[in-house]
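See structure below.
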Amino acid sequence: MKIAVCVKHAVDENELKVDPAGNPQFAGAASKMSTFDKNAVEEALRLKSAHSGDVTVLTVGTADAKKTMKEALAMGADKGVLVTADPMSINTGRTAELLAAAVRKAGPFDVVLCSEGSSDIYSGLVPPMVGEMLGLPYVGYAKKIEVAGQSAKVERSLEDSVEVVEAPLPLVVSVVSEINEPRYPTLIQIMQAGKKPMEEIAPDALLPESKPPSPLFVGMKAQAMARKKVVFEGPPEETAKKLVDALGSEGVLPR
Amino acid sequence: MSIKVWAFSEVPEVANEVASAADALSKAAGGTYTVIGVNGSGPRLAGEAKLVLKGSDALSGSPELTAEALSRAAKEANPDLILVGSTRNGKEIAARLAVKLGRSCASDLFGLAVSDGALRGKRNAFAGKLIGEVSTPLPCVATVKVGAYPTLAPSAAAATMKEVGDLPSKSHLVERREKPRGTVDLKGAKLIVSAGRGVKKKEDLALVSELAAELGGAVGCSRPLSSDMGWLPEEHHIGLTGVSVHPDLYLAVGISGQLQHVAGIKDSKIIAAVNNDKSAPIFEASDYGVVGDLYAVLPAMMKEVRSRRH
Chain A
66 MKIAVCVKHA VDENELKVDP AGNPQFAGAA SKMSTFDKNA VEEALRLKSA HSGDVTVLTV
126 GTADAKKTMK EALAMGADKG VLVTADPMSI NTGRTAELLA AAVRKAGPFD VVLCSEGSSD
186 IYSGLVPPMV GEMLGLPYVG YAKKIEVAGQ SAKVERSLED SVEVVEAPLP LVVSVVSEIN
246 EPRYPTLIQI MQAGKKPMEE IAPDALLPES KPPSPLFVGM KAQAMARKKV VFEGPPEETA
306 KKLVDALGSE GVLPR
Chain B
26 MSIKVWAFSE VPEVANEVAS AADALSKAAG GTYTVIGVNG SGPRLAGEAK LVLKGSDALS
86 GSPELTAEAL SRAAKEANPD LILVGSTRNG KEIAARLAVK LGRSCASDLF GLAVSDGALR
146 GKRNAFAGKL IGEVSTPLPC VATVKVGAYP TLAPSAAAAT MKEVGDLPSK SHLVERREKP
206 RGTVDLKGAK LIVSAGRGVK KKEDLALVSE LAAELGGAVG CSRPLSSDMG WLPEEHHIGL
266 TGVSVHPDLY LAVGISGQLQ HVAGIKDSKI IAAVNNDKSA PIFEASDYGV VGDLYAVLPA
326 MMKEVRSRRH
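Sequence order for the protein chains is A and B.
Adding 65 to a residue's 1-based position in the first sequence gives its number in the working numbering.
Adding 25 to a residue's 1-based position in the second sequence gives its number in the working numbering.
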């Protein structure tokens with residue numbers, strides 16, 4: 066089975082610093098593989114071990130994205146494809162176009178996996194766009210994937226319901242984090258990851274852009290957290306009383 | 026510029042929120058809006074202009090078929106802006122539709138406005154740490170954050186019906202089952218007591234559920250409890266990838282307050298927290314906090330709440 070998994074290298078939302086004026090400090094900020102993409106890589110590896118085959122990891126990112134690529138390779142992916150563009154300076158549609166073109170070039174694949182959304186922007190648009198652009202069946206928000214022969218049975222987790230959808234291979238699937246527990250690479254795997262093949266492609270060589278790049282965001286500011294931040298410390302009976310009193314005066318306790 | 030807006034959601038109640046966004050936008054920018062439905066949803070929709078796309082039973086509930094039906098209708102009517110409710114299926118519909126129409130797309134927007142030929146809006150980013158200003162040139166497709174706009178009441182206006190014809194499908198639905206709702210619907214709950222990793226054993230969740238019951242509230246949890254431990258069904262998971270809630274009181278018990286969790290509780294009126302770690306980030310996101318052992322503080326709160334009621 067030929068498996069593709071699309072990942073994103075993202076600024077770590079927990080480490081991102083904001084200056085006193087509320088401006089995010091992206092320069093030099095810590096970055097990582099987008100949280101839920103690890104579940105997509107894990108699912109790709111599980112499909113590989115169940116059906117044999119290989120896993121190609123694809124990303125649109127800057128040179129820094131090689132770190133994420135290496136992590137996926139260390140987890141067990143076989144090769145990487147990096148399209149060298151900064152996702153923050155192009156829009157969602159262009160990112161999806163580049164991923165779809167890279168999947169086409171590196172393919173054909175039986176299964177293309179993504180996570181439901183990236184941990185930085187979490188738009189949730191790229192996976193269905195890639196499916197639509199490739200003209201393949203697309204099933205989103207998978208919490209279980211079973212492949213038998215030339216068909217896949219996918220359990221989708223929606224807000225109020227669970228659906229079981231069947232589609233023929235090849236197909237594109239996005240996964241939710243409940244689907245699995247991502248593995249940690251061993252030290253040996255981390256050391257060997259650097260030897261695995263990684264291809265770099267310039268975006269214009271893949272798919273020339275006719276329009277000027279139009280980033281989605283025109284600005285970003287820290288979200289004002291206008292909370293009172295009153296903290297009570299002391300013996301439990303006292304602090305519990307203070308808290309209940311405070312909530313009572315706010316009028317948020319039932320009378 | 027007079028703009029033509031479409032408002033759609035596969036969930037009629039959400040469609041009426043999107044309708045209110047479209048209403049505000051078309052009033053401010055000058056223009057008209059049409060609320061779009063599928064099959065039998067017409068009477069449940071708001072707005073004076075309604076268009077209902079008629080197709081097979083499979084059309085209702087299939088994001089793939091819905092996107093194709095919307096695309097066919099949009100190619101004829103050519104709306105400048107198509108707004109879709111930002112549910113999981115809604116995002117898929119919007120993304121597919123944007124590709125079919127060759128338009129750009131943005132998701133989870135609120136605070137919408139149209140200026141200089143572009144749709145402007147805000148959206149959360151970096152798990153809610155930042156708020157981003159978005160601009161997408163018209164014509165475009167955008168999804169509207171659920172809960173960001175008030176709901177318009179259904180109108181008596183008759184809908185224009187439109188046959189969409191045969192729709193090709195690349196996948197098929199085998200089964201659909203409703204998720205268990207629990208005792209209270211978290212999205213509509215006025216009071217939520219939520220448990221996190223500070224709860225040491227599954228049995229100890231009783232402390233949290235008893236306090237919730239005493240307060241007439243619902244029980245929620247952070248991701249590890251539903252996803253890693255499996256102590257509560259996924260439907261209780263509050264956060265970025267779970268349910269977003271907006272109760273009057275959100276009480277976080279033993280929850281450290283990772284950004285992904287806080288992203289789902291931001292719209293609560295009052296947030297309170299009990300945690301034994303004074304440096305836990307949840308206190309930065311709370312109105313009131315108690316630093317202490319939940320195993321001592323919760324029983325004391327229970328006693329306090331009971332004594333006030335009698």
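The beta-carbon is built from N, C-alpha and C at its ideal position, and this holds for glycine as well.
If you're wondering where the values come from, they're calculated on a predicted model, not measured in any experiment.
Cβ pair residue i, residue j closer than 9 Å
i: B:D273; j: B:K212; result: no
i: B:G62; j: B:L76; result: yes
i: B:P104; j: B:T59; result: yes
i: A:G309; j: A:L178; result: Note on identity: in this sequence residue 309 of chain A is Val, with Gly being the wrong assignment. Going by C-beta atoms, A:V309 is not nearer than 9 Å to A:L178.
i: B:S160; j: A:L190; result: no
i: B:S247; j: B:G221; result: yes
i: A:A161; j: B:V124; result: yes
i: A:K285; j: A:G145; result: Rather than Lys, the amino acid found at residue 285 of chain A in this sequence is Met. For A:M285 and A:G145, no; Cβs fall outside 9 Å.
i: B:S27; j: B:G56; result: yes
i: A:P319; j: B:A120; result: no
i: A:E181; j: B:T266; result: yes
i: A:A171; j: A:L163; result: no
i: B:V199; j: A:V230; result: yes
i: B:A54; j: B:W31; result: no
i: B:L319; j: B:L232; result: yes
i: A:I68; j: A:D102; result: no
i: B:K226; j: A:A287; result: no
Residue span of the alpha helix (DSSP H) that contains residue i, given as start and end
i: B:S160; result: Not the alpha helix (DSSP H): B:S160 falls in the beta strand (DSSP E), residues 155-162.
i: B:I118; result: 113-126
i: B:D229; result: First-last for B:D229: undefined, no H or E at that position.
i: A:M198; result: 191-199
i: A:K170; result: 157-171
i: A:A137; result: 131-140
i: A:V106; result: 102-116
i: B:D273; result: Where B:D273 is concerned, there is no enclosing alpha helix (DSSP H), given that its DSSP letter is neither H nor E.
i: B:H197; result: No alpha helix (DSSP H) contains B:H197, which is instead part of the beta strand (DSSP E) from 197-203.
Contacts around residue i, its chain only, beta-carbon distance under 6 Å, and the 5 residues preceding and following it disregarded
i: B:Y275; result: I217, I290, S293, I296
i: A:S99; result: K73, A75, S183, S184
i: B:T208; result: Any reading at B:T208 needs caution, since the residue's pLDDT is 48, under 50, leaving its predicted position unreliable; the model's value is listed next. Same-chain partners within the cutoff: there are none.
i: A:E315; result: none
i: B:T185; result: L76
i: B:A243; result: V209, L211, A214, I217
i: A:K218; result: E211, E231
i: A:A94; result: V76, L81
i: A:G126; result: H74
Proximal residues to residue i (C-beta, below 7 Å), its chain only, five neighbours per side dropped
i: A:Q215; result: P233, L234
i: B:A310; result: G282, V287, I296
i: B:A143; result: S160, T161, P162, L163
i: B:A173; result: F135
8 Å contact criterion, which residue i and residue j should meet: CB distance rounded
i: B:A152; j: A:S183; result: The Cβ separation is near 11 Å, so there is no contact.
i: A:V296; j: B:G314; result: 4 Å
i: B:V94; j: B:L84; result: One detail in the question is off: residue 94 of chain B reads as Ala in this sequence, not Val. Indeed they touch by this definition, with Cβ atoms about 6 Å apart.
i: B:K79; j: B:V189; result: 7 Å
i: A:A142; j: A:A105; result: So it is not a contact: roughly 11 Å between Cβ atoms.
i: A:P250; j: A:A139; result: 4 Å
i: B:I307; j: B:N300; result: 6 Å
i: A:K208; j: A:V241; result: 5 Å
i: A:E302; j: B:A298; result: Going by Cβ atoms, the distance from A:E302 to B:A298 rounds to 18 Å, so no, they are not a contact pair.
i: B:A98; j: B:K187; result: 6 Å
i: A:E243; j: B:E259; result: 6 Å
i: B:S219; j: B:I280; result: 6 Å
i: A:N156; j: A:S239; result: Contact flag wrong, Cβ pair sits at about 19 Å.
Residue span of the beta strand (DSSP E) that contains residue i, given as start and end
i: A:E303; result: Not the beta strand (DSSP E): A:E303 falls in the alpha helix (DSSP H), residues 301-314.
i: B:I61; result: 56-63
i: A:S226; result: 226-233
i: B:G146; result: 143-150
i: B:L323; result: No beta strand (DSSP E) contains B:L323, which is instead part of the alpha helix (DSSP H) from 319-334.
i: A:K208; result: 203-213
i: B:T188; result: Looking at the sequence provided, one finds Glu at residue 188 of chain B rather than Thr. Looking at the DSSP string, the run of the beta strand (DSSP E) that includes B:E188 is 185-188.
i: A:H74; result: 74-76
Residue i: CB within 8 Å of a non-hydrogen atom of the ligand SAH
i: B:S269; result: Ligands displayed in this structure: none; no statement on the ligand SAH is therefore possible.
Close-in-space but distant-in-sequence residues of the same chain around residue i (CB under 8 Å, 5 per side omitted)
i: B:T112; result: S34, E35, V36, V39, V171
i: A:D129; result: H74, S96
i: A:Q90; result: L81, K82, V83, D84
i: B:G110; result: F33, S34, E35, V36, V39, A40, E42, V43, T168, V169, V171
**Request:** Could you tell me whether the region 128-137 of chain A touches the region 180-198 of chain A, where touching means 3 or more Cβ pairs closer than 8 Å?
**Result:** They do not touch, by the three-pair rule.
**Request:** Spell out a yes or no on whether the region 219-228 of chain A and the region 190-206 of chain B are touching, meaning 3 or more CB-CB pairs, one atom from each, closer than 8 Å.
**Result:** yes
**Request:** Assess, as a yes-or-no matter, whether the region 176-184 of chain B is touched by the region 66-73 of chain B under the definition of 3 or more beta carbon pairs within less than 8 Å.
**Result:** yes
**Prompt:** With a cut-off of 8 Å, do at least 3 Cβ pairs link the region 266-279 of chain A to the region 131-143 of chain B?
**Reply:** At 8 Å Cβ cutoff, the stretches do not touch.
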